[in-house]
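Residue numbers (UniProt numbering): 1 to 573. Each residue gets a CB set at the ideal place from its N, CA and C atoms; glycine is no exception. No experiment lies behind these values; they were computed from the predicted model shown.
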Ligand code: PEP
Ligand code: MG
């Protein structure tokens with residue numbers, strides 16, 4: 001079926017490939033039988049899925065904060081008990097054994113018969129218990145489904161369509177070689193979108209209903225920059241997009257000549273171009289592209305696609321590996337920024353508004369058992385190379401002081417235990433909450449460096465959830481409020497004599513680099529794939545002219561002429 005649709009483009013690339021629709025969260029189970037010979041393996045597969053569902057619940061149960069309402073805890077306990085109940089575990093196994101049903105279908109049949117029993121009950125409370133059956137069965141079905149996905153190796157070259165994808169899904173699918181993805185929900189600054197950019201996966205998000213419109217296997221064109229999706233395109237259109245793909249590859253090859261050339265403006269002012277890293281493969285790219293430093297190492301990766309939390313040794317070995325892999329390139333390690341759109345198995349917070357809840361430094365200060373191993377590991381790993389520590393989501397000075405106290409105590413403990421560690425690690429903070437930007441002068445006195453996290457700063461200042469595509473149209477890095485806050489932070493750092501960088505997505509976008517240079521920013525941190533594009537842009541800029549223009553703009557922000565000035569500055573590159 002010929003179709004052209006629009007969504008939010010989140011990456012620069014274009015891809016062409018066959019559609020593969022993922023139906024997560026609303027699994028459709030149809031009757032399926034297996035061969036007699038497969039029965040023992042199918043029973044084992046079912047047992048594994050039950051076990052996996054149990055482990056997931058157990059891990060959520062362990063992480064529930066102590067002050068959580070008892071009915072929520074009881075709810076999870078009930079589900080744990082049900083996962084041990086013969087009605088849900090043994091009866092489906094009997095069905096597999098006796099009728100050679102596939103595990104999913106056996107479980108579905110048993111669910112239907114249990115739900116029918118609940119439906120006939122007069123007691124309204126007992127009747128609602130059927131919801132528990134549905135929940136628990138769904139957990140097992142999901143585990144069975146994921147086993148299938150893991151076994152599915154033919155996602156290579158496919159365009160994945162899904163309701164939504166987690167960052168963890170994105171990583172797994174990248175390893176399976178997908179060509180692109182399209183989701184019904186999600187915003188351009190979600191962690192999934194950032195990862196897709198970093199991994200160079202063309203993607204379009206916020207295309208409501210797309211999983212119902214497109215057929216499995218249909219040939220799709222995905223333009224990740226313009227947010228365009230085409231199905232069943234004619235030969236001329238396909239030819240046009242294929243040429244585009246080739247010319248983008250040629251341009252990227254041509255940019256490789258910039259490797260090793262210092263990043264300066266036209267007048268020779270040196271600017272630091274740093275990398276945001278997360279996955280092991282980013283280290284290689286950072287070295288190959290000769291980034292000046294790693295300005296942001298997102299450590300949440302360690303928590304993805306696994307059960308349970310990493311211990312100190314795992315943290316240590318990982319950081320040591322990254323530091324050694326960078327071979328002398330300085331690195332800024334950000335302490336855990338879990339919560340909001342960076343949820344991982346077993347660490348979900350019960351908040352109904354997670355972006356404003358127990359996230360990042362707030363969560364770390366509340367959960368010393370989770371945080372301590374990371375701090376110890378960073379201090380230990382820092383003997384292997386130049387390291388800075390960065391705290392995410394600061395909103396007040398107490399958080400800095402508490403963190404400093406934890407670091408001091410940790411050093412003391414390590415010294416007493418005779419474990420080597422680095423003593424003089426600079427401690428900086430992310431400025432990504434408006435309160436922190438407005439108090440950047442005070443923060444600068446207690447921190448060794450600042451880094452502006454525009455992804456969150458824009459979310460919190462403009463009150464728009466960064467993962468909600470419905471409000472994405474309001475996401476505006478050039479909003480006068482944002483520009484004023486950025487300028488305040490740059491000025492505060494300059495006054496205090498400490499470095500200020502930017503590590504939000506705005507820093508790697510050539511549309512904004514001229515303006516940021518004009519504002520006085522000299523340190524930019526971005527996904528490795530943007531480093532050469534940023535350098536190419538930078539080499540053409542005249543910073544003196546930009547500074548003058550930007551000063552004028554900042555004075556006129558909000559006046560009718562400010563748009564014209566803004567366009568002039570952004571056109572200068
Ligand atoms: C930011 O908020 O700009 C940032 C860099 O952090 P993250 O995207 O990981 O929240
Ligand atoms: Mg952030």
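Over what stretch of residues does the alpha helix (DSSP H) that includes residue i continue unbroken?
i: residue 484; result: 480-496
i: residue 577; result: No answer is possible for residue 577: it lies beyond the span of the chain, which begins at 1 and ends at 573.
i: residue 455; result: 454-461
i: residue 322; result: 312-326
i: residue 501; result: No alpha helix (DSSP H) holds residue 501; the beta strand (DSSP E) holding it covers 500-502.
i: residue 236; result: 235-255
i: residue 535; result: 531-538
i: residue 90; result: 86-99
i: residue 518; result: 513-518
What residue range does the beta strand (DSSP E) around residue i cover?
i: residue 543; result: Residue 543 -> not in any beta strand (DSSP E); alpha helix (DSSP H) instead, spanning 543-556.
i: residue 524; result: 523-526
i: residue 103; result: From DSSP, residue 103 is part of no beta strand (DSSP E) but of the alpha helix (DSSP H) over 103-119.
i: residue 303; result: First-last for residue 303: undefined, no H or E at that position.
i: residue 471; result: Run containing residue 471: none; DSSP gives neither H nor E here.
i: residue 333; result: 331-334
My output table needs one value for residue i: the three-state DSSP class, helix, strand or coil.
i: residue 150; result: At residue 150 the pLDDT is 45, less than 50, meaning the model places this residue with poor confidence and gives no usable figure here.
i: residue 10; result: coil
i: residue 50; result: helix
i: residue 348; result: A caution first: residue 348 carries a pLDDT of 46, below 50, which makes its placement in the model unreliable, though a value can still be read off. Residue 348 falls in the coil class under three-state DSSP.
i: residue 3; result: strand
i: residue 279; result: coil
i: residue 18; result: strand
i: residue 263; result: coil
i: residue 272; result: strand
i: residue 378; result: helix
i: residue 30; result: coil
i: residue 575; result: What is shown of the chain runs 1 to 573, which leaves residue 575 out entirely.
i: residue 289; result: coil
i: residue 357; result: coil
i: residue 229; result: strand
i: residue 59; result: helix
i: residue 155; result: coil
i: residue 450; result: strand
i: residue 83; result: coil
i: residue 508; result: helix
i: residue 338; result: coil
i: residue 559; result: coil
Round the Cβ separation of residue i and residue j to the nearest angstrom and send it over; I've been treating them as touching at under 8 Å.
i: residue 333; j: residue 188; result: Not quite, the Cβ-Cβ distance comes to about 26 Å (not below 8 Å), so this is no contact.
i: residue 375; j: residue 406; result: 6 Å
i: residue 17; j: residue 157; result: 5 Å
i: residue 210; j: residue 184; result: 6 Å
i: residue 83; j: residue 57; result: 7 Å
i: residue 527; j: residue 270; result: About 21 Å; that fails the 8 Å criterion.
i: residue 410; j: residue 372; result: 7 Å
i: residue 79; j: residue 132; result: 6 Å
i: residue 574; j: residue 488; result: Beyond the ends of the chain as shown, which are 1 and 573, falls residue 574; an answer cannot be given.
i: residue 231; j: residue 2; result: 6 Å
i: residue 302; j: residue 318; result: 6 Å
i: residue 201; j: residue 178; result: 7 Å
i: residue 531; j: residue 549; result: Incorrect: roughly 25 Å between the Cβ atoms, too far for contact.
Taking 6 Å as the line, does the beta carbon of residue i fall inside it for any heavy atom of ligand 4?
i: residue 455; result: Summarising the ligand content, the structure contains ligand 1 and ligand 2 and does not contain ligand 4.
Does residue i come within less than 7 Å of chain C when only Cβ atoms are used?
i: residue 257; result: Checking the listed chains, one finds no chain C in this structure; it contains a single protein chain.
#### Entry: Three CB pairs or more closer than 8 Å across the stretch 222-231 and the stretch 196-212
The answer is yes - the stretch 196-212 touches the stretch 222-231, with three or more Cβ pairs under 8 Å.
### Query
Is the number of C-beta pairs between the stretch 391-401 and the stretch 426-444 that are closer than 8 Å three or more?
yes
### Task
Count the C-beta pairs between the stretch 278-293 and the stretch 508-522 that are closer than 8 Å, then say yes if the count reaches three, no if not.
no
#### Entry: Contact between the stretch 484-500 and the stretch 512-527 (3+ Cβ pairs under 8 Å)
yes
### Task
Assess, as a yes-or-no matter, whether the stretch 157-175 is touched by the stretch 135-148 under the definition of 3 or more beta carbon pairs within less than 8 Å.
no
#### Entry: Minimum length 3: unbroken beta strand (DSSP E) runs contained in the UniProt domain "PEP-utilising enzyme mobile" (157-227)
159-162, 180-183, 203-205, 219-223
#### Entry: Three CB pairs or more closer than 8 Å across the stretch 269-279 and the stretch 290-309
yes
### Sufficient close CB pairs (3 or more, under 8 Å) joining the stretch 406-415 to the stretch 462-473
no
### Message
I want to know whether the stretch 255-262 touches the stretch 524-544 - three or more CB-CB distances under 8 Å.
### Response
yes
### Query
How do the stretch 103-117 and the stretch 74-93 stand: do at least 3 beta-carbon pairs fall below 8 Å, yes or no?
yes
### Task
Return the chain-ordered ranges of every beta strand (DSSP E) run that is complete within the stretch 411-446 and spans a minimum of 3 residues.
427-431
### contact_flag[the stretch 42-58, the stretch 132-142] where n(CB pairs < 8 Å) is 3 or more
yes
### Message
Using 8 Å as the cut-off, can you tell me whether the stretch 444-451 makes contact with the stretch 465-480, which would need three or more C-beta pairs spanning the two stretches below that distance?
### Response
no
### Query
How about the stretch 310-326 and the stretch 380-397: do they share at least three Cβ pairs that are nearer than 8 Å?
yes
### Message
Counting beta carbon pairs with one atom in the stretch 30-48 and one in the stretch 94-103, are three or more of them shorter than 8 Å?
### Response
yes
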